[in-house]
Amino acid sequence: MLQEYAMTPLVSATFLLFFIFGIFVVHVFSILGGWYLAFTWIDIPLHIAGGAWVASLFFYLWDNYLSQYPRMFPRWFLLVLVVGFVMAVGVFWEWFEYGYDYFFAKEKASWRAQLGLPDTMGDLFSDFVGGLLLGWYFICKDKNQQKKVY
18 MLQEYAMTPL
28 VSATFLLFFI
38 FGIFVVHVFS
48 ILGGWYLAFT
58 WIDIPLHIAG
68 GAWVASLFFY
78 LWDNYLSQYP
88 RMFPRWFLLV
98 LVVGFVMAVG
108 VFWEWFEYGY
118 DYFFAKEKAS
128 WRAQLGLPDT
138 MGDLFSDFVG
148 GLLLGWYFIC
158 KDKNQQKKVY
């Protein structure tokens with residue numbers, strides 16, 4: 018039987034803004050400093066952080082705009098929703114990178130965002146890992162904060 022719980026918001030707008038600003042700053046320094054070329058692995062933690070940020074955005078939107086649907090779903094189903102949302106945003110991001118390469122970086126190989134299919138699959142896997150870890154963390158955190166409503 019499903020029970021309704023009193024919920025406290027898991028994510029604040031301030032947290033989201035600082036999180037995405039931090040990712041943006043590291044991304045800009047990586048471009049300007051040539052870190053993407055010198056340290057090819059720098060893309061992995063940025064995509065993990067991006068996946069975690071999108072998972073945070075999911076919970077923020079859920080708490081603030083979908084409150085008529087309380088978190089009454091089984092935890093595994095909520096995790097599937099979070100990861101699905103993260104993967105959808107990750108796919109759109111990869112399409113954006115492809116479009117950037119197609120329209121703007123044709124001549125400059127060093128400016129390319131897409132380095133081939135292995136890079137794209139690695140990016141999507143990193144998004145998946147970040148979303149899964151943060152989604153699982155928030156679901157466990159929410160489980161510990163829930164109080165029954167009588």
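Our numbering applies: residue 18 is where the sequence shown begins, and numbers increase by one.
Using N, Cα and C, we set each Cβ at its ideal position, and we do this for glycine too.
Treat the numbers as computed from the prediction; the structure is a model and nothing was measured.
Here G68 is near G148, since their CB atoms are less than 7 Å apart. Proximity of the segment 114-122 to the segment 43-58 falls short of the contact definition, fewer than three beta-carbon pairs being nearer than 8 Å.
Close CB contacts of E111 within its chain, under the 7 Å cut and outside five residues either way in sequence, are with T137, D140 and L141 (chain order). C-alpha of V28 to C-alpha of L74: approximately 8 Å in a straight line. Each residue's CA atom was taken as its position, placing A66 and T31 some 16 Å apart. Taking 7 Å as the cut-off, the beta carbon of Q131 is found no closer than this to the beta carbon of Y154. L78 and L54 have their C-alpha atoms spaced approximately 36 Å apart.
Bounds of the alpha helix (DSSP H) holding I65 are D60 to Y82. The alpha-carbon of V97 is positioned some 12 Å away from that of L150. A straight-line Cα-Cα distance of about 9 Å links C157 and R92.
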